[in-house]
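Novice:
Numbering (the numbering used here), first residue to last: 2 to 575.
(1) Taking the Cβ atom as the reference point for each residue, do residue 67 and residue 226 lie within a distance shorter than 8 angstroms?
(2) Of the choices 422, 453, 159 and 443, whose alpha-carbon is the least far from that of residue 387?
(3) State buried or exposed for residue 525, treating a residue as buried only when at least 16 other CB atoms are found within 10 Å of its CB.
(4) Take the Cβ of residue 61 as the centre, count every other Cβ of all protein chains shown within 10 Å, and call the residue buried at 16 or more, exposed below.
(5) Could you check whether residue 372 and residue 409 sit closer than 8 angstroms to each other, using their CB atoms as the reference points?
(6) Say whether the region 168-186 touches the region 203-212, bearing in mind that this needs 3 or more beta-carbon pairs closer than 8 angstroms, one atom from each stretch.
(7) May I ask you to report which of helix, strand or coil DSSP gives residue 556?
(8) If you compare alpha carbons, which of 118, 155 and 418 is closest to residue 391?
(9) Of all the alpha helix (DSSP H) runs that stay within the bounds of the region 190-264, which reach a length of 4 or more residues?
(10) Mapping the DSSP letters down to three states, classify residue 537 as helix, strand or coil.
(11) For residue 35, which residues from the same chain have a beta carbon less than 6 angstroms from its beta carbon, with the 5 sequence-adjacent residues on both sides left out?
(12) CB residue 188 to CB residue 91, shorter than 8 angstroms?
(13) Over what stretch of residues does the alpha helix (DSSP H) that includes residue 35 continue unbroken?
(14) With DSSP as the reference, label residue 450 as helix, strand or coil.
(15) Identify, in the order they occur along the chain, each residue of the same chain with its Cβ nearer than 8 angstroms to the Cβ of residue 314, setting aside the five sequence neighbours on each side.
(16) Is the region 359-377 in contact with the region 239-257, if contact means three or more CB pairs nearer than 8 angstroms?
(17) In chain order, what residues of the same chain have a beta carbon less than 6 angstroms from the beta carbon of residue 265, not counting five sequence neighbours either side?
(18) To the nearest angstrom, how far is it from the Cα of residue 39 to the Cα of residue 404?
(19) Let me make sure I understand the geometry here. Which of 467, 455, 433 and 439 has the alpha-carbon closest to that of residue 448?
(20) Is the beta carbon of residue 231 closer than 8 angstroms to that of residue 165?
(21) So, at 6 angstroms on beta carbons, what are the nonlocal neighbours of residue 423 in its own chain, with the 5 sequence-adjacent residues on each side left out?
(22) Look at the alpha carbon of residue 143 and the alpha carbon of residue 190, and state the distance between them as a whole number of angstroms.
(23) Should residue 260 be labelled buried (16 or more other beta-carbon atoms within 10 Å of its own) or exposed?
(24) Roughly how many whole angstroms lie between the Cα atoms of residue 25 and residue 241?
(25) Are the region 93-105 and the region 143-161 in contact at 8 angstroms, needing three or more beta carbon pairs?
(26) Name the two residues that bound the continuous alpha helix (DSSP H) containing residue 169.
(27) Return helix, strand or coil for residue 501, following the three-state DSSP convention.
(28) Quick one: what's residue 46 bridged to in DSSP?
(29) Does residue 457 come out as helix, strand or coil in the three-state DSSP assignment?
(30) Put residue 418 into one of helix, strand or coil per three-state DSSP.
(31) Assuming residue 317 contacts residue 367 (C-beta within less than 8 angstroms), just tell me the rounded distance between them.
(32) Can you say whether residue 209 is buried or exposed, counting buried as having 16 or more other CB atoms within 10 angstroms of its CB?
(33) Please classify residue 306 as buried or exposed, where buried requires at least 16 other C-beta atoms within 10 Å of its C-beta.
(34) For residue 471, report the span of its beta strand (DSSP E) as first-last.
(35) For residue 498, I'd like the list of residues in its chain whose CB is within less than 6 angstroms of its CB, leaving aside the five on either flank, ordered along the chain.
(36) Could you check if residue 287 is buried or exposed, using at least 16 other CB atoms within 10 Å of its CB as the buried criterion?
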């Protein structure tokens, strides 16, 4: 077991005064840099909130919750530097879910850490086991996907006991059987000097999600900051958030009500059969319908009308989805969906729909109509690129078909627009983008070869998409994580603008409108959930935290200090 040296930040007696000076320097337009023997001077801006979080991360296994653009990776680099400085002859491991993220983090750490670049390596499944074994044996800092780490751990290639810090990027994934879970468990079992650091924009939407993530990783402390916090506000520029309510045409409204009426009739039928206790489309969810269909499909369900019930449940799911597409993506994509999923299937349920005059009328009302959001996107981008001088924009959309369509329309209708599709790998009805292609698009967007990125969720999580002055939400989204990640793409170094397009009408309330209100208070809900989760997490992981203190030589196993470990968190020993 290597000898632990004294922490560097205890030696910096004037660190608090330096921080105060730095804050004043930034206010005057100057930049102060983070100083550490293991950090290249000038590579990291010293931000007071990052330094505060960094110090907290050294005191306990910590989950850092920061919105995109606030510097989670910078904090990870600081922690890695201090752990390698304090615990000589130990190593650092950082994991990320995808190869592009792994390559991105590797480049960042090579630029920041005062370590020979050859000793900072990235591992992927593209390397042979023999090549990976050699890198595991000699590298000081390893960046890898969790799948590779778990496979090599099971093969005995990973000397995990010698790692004094393990970083779990996108830590909210540490649930169920995701590889982060067994890796963390093994790390806590064998590491000489264990410390876990989790990074995420949001730990989860529910209290139980946060508790599960923290329990699985052995987290004892959570550090959360948002752009509303005073210590963060001075480092970011204002985001002008504009919600544009796009009016829905009367034909679309009539079509929507007709489809709702058909769905209501089916739900009433299912209720009369004793299958559902709800017949209001506004109160039934896709999850409820899917769970009911699974129950009815099982061999345990005995009912002479089982085929009819399954057909009605399948129809209700398809109609529910058709209404959602109409609400959020417009009449053109709803028309396409109705044609493919209801009219062309050739089964009994399709025959029912084809013969229902309400469905046919709804289809004819929306046929050949374009989503008014498309015209609004064209208007916004034309003004931004050609009148306001905004150099780059990102348009976030939910579905790839919509993204593909927008790329074509924007390039055709917006002067000087060089739009490029940016999607993930898997695609049922077409070719997605490989991770190499994704990185190439990002680089060309950075260089200015493209000035508009039409992106699906692949651009939301972690990837170093160049900052833009304009981010457009083609539709509001219900996920708190994704909203925070999307907004973080602008306003990092200069004032940015976020535009959210919401379907709206005086006559009806669409799902897009509901989703906007759901996401509006996302950050405050995360703050409340963390406050509720923290005492439960500390109770669950108390023994692990004691092990952290003992194995890191912070307290001695034989002393009475073990009963006063909470005092350690209150003291500024680091």
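Glycine residues also receive a C-beta, built at the ideal position from the N, C-alpha and C atoms.
Specialist: In this structure, then:
(1) Translated into positions along the chain shown, residue 67 becomes position 66. Translated into positions along the chain shown, residue 226 becomes position 225. The answer is yes: Cβ separation under 8 angstroms.
(2) On the chain shown, position 386 is the one that residue 387 refers to. Nearest of 422, 453, 159 and 443 to residue 387, Cα basis: 453.
(3) Your numbering for residue 525 matches position 524 in the chain shown. Under this definition residue 525 is an exposed residue.
(4) As a working mapping, residue 61 is identified with position 60 in the chain shown. Answer is buried; the Cβ neighbour count reaches 16.
(5) Within the chain shown, the letter at position 408 stands for residue 409. Within the chain shown, the letter at position 371 stands for residue 372. Contact: no.
(6) Because the criterion of three Cβ pairs below 8 angstroms is met, the region 168-186 and the region 203-212 touch.
(7) Within the chain shown, the letter at position 555 stands for residue 556. Three-state DSSP puts residue 556 in coil, outside helix and strand.
(8) As a working mapping, residue 391 is identified with position 390 in the chain shown. Here the closest residue by C-alpha is 418.
(9) 208-218 and 231-234
(10) Counting from 1 along the chain shown, the entry for residue 537 is found at position 536. Helix, per DSSP.
(11) For this step, residue 35 is matched to residue 34 along the chain shown. If we look at residue 35 and ignore the five residues flanking it on each side, its Cβ neighbours are 45 and 47.
(12) Stepping through the chain shown from its first residue, residue 188 is reached at position 187. Stepping through the chain shown from its first residue, residue 91 is reached at position 90. Not closer than 8 angstroms, so no.
(13) Position 34 of the chain shown, counting from 1, holds the residue named residue 35. Segment: none, residue 35 is in no alpha helix (DSSP H) and carries neither H nor E.
(14) On the chain shown, residue 450 is found 449 positions in, with the first residue counted as 1. If DSSP states are grouped into helix, strand and coil, residue 450 belongs with coil.
(15) Translated into the one-based positions of the chain shown, residue 314 becomes position 313. So the qualifying residues of the chain are 271, 276, 290, 293, 294 and 297.
(16) With a cut-off of 8 angstroms, the region 239-257 and the region 359-377 count as touching, because enough Cβ pairs lie within range.
(17) Counting from one through the chain shown, the residue named residue 265 turns up at place 264. Same-chain partners within the cutoff: 282.
(18) The residue given as residue 39 occupies position 38 in the chain shown. The residue given as residue 404 occupies position 403 in the chain shown. Roughly 43 angstroms between the two C-alpha positions.
(19) Sequence index remark: in the chain shown, residue 448 carries index 447 (1-based). Taking only the C-alpha atoms, the option nearest residue 448 is 467.
(20) Locating residue 165 in the chain shown gives position 164, counting from the first residue. Locating residue 231 in the chain shown gives position 230, counting from the first residue. In this structure, residue 231 does not lie closer than 8 angstroms to residue 165 by Cβ.
(21) Along the chain shown, read from residue 1 onward, the residue named residue 423 stands at position 422. Closer than 6 angstroms at the Cβ level, and outside the excluded window around residue 423, lie 442, 454, 456 and 460.
(22) Looking up residue 143 in the chain shown gives position 142. Looking up residue 190 in the chain shown gives position 189. Cα-Cα distance, rounded: 20 angstroms.
(23) Start at 1 with the first residue of the chain shown, and residue 260 comes out as number 259. Buried.
(24) Against the chain shown, residue 25 aligns to sequence position 24. Against the chain shown, residue 241 aligns to sequence position 240. Interpretation of residue 25 is limited by its pLDDT of 31, a score under 50 that renders its predicted location unreliable; the figure taken from the coordinates is listed afterwards. Rounded to whole angstroms, residue 25 to residue 241 spans 26 angstroms at the Cα level.
(25) yes
(26) In the chain shown, counting from the first residue as 1, residue 169 sits at position 168. Taken as a continuous stretch (DSSP letters only), residue 169 belongs to no alpha helix (DSSP H), being part of the beta strand (DSSP E) at 164-170.
(27) For the purposes of this step, residue 501 is taken as residue 500 along the chain shown, with counting starting at 1. Strand, per DSSP.
(28) By 1-based counting over the chain shown, the position of residue 46 is 45. Residue 46 is bridged to 34.
(29) Position 456 of the chain shown, counted from the first residue, corresponds to residue 457. In this structure, residue 457 counts as coil in the three-state DSSP scheme.
(30) On the chain shown, position 417 is the one that residue 418 refers to. In this structure, residue 418 counts as coil in the three-state DSSP scheme.
(31) Translated into positions along the chain shown, residue 317 becomes position 316. Translated into positions along the chain shown, residue 367 becomes position 366. Not really, about 20 angstroms apart at Cβ, beyond 8 angstroms.
(32) One-based indexing of the chain shown puts residue 209 at position 208. Residue 209 should be labelled exposed.
(33) Locating residue 306 in the chain shown gives position 305, where the first residue counts as 1. It is exposed - the Cβ of residue 306 has fewer than 16 other Cβ atoms within 10 Å.
(34) Locating residue 471 in the chain shown gives position 470, where the first residue counts as 1. It spans 471-474 - the beta strand (DSSP E) in which residue 471 sits, taken as one unbroken run.
(35) Mapped onto the chain shown, residue 498 falls at position 497. These residues qualify, in order along the chain: 241 and 471.
(36) As a working note, residue 287 is residue 286 in the chain shown. Only exposed fits residue 287, as fewer than 16 other CB atoms lie within 10 angstroms of its CB.
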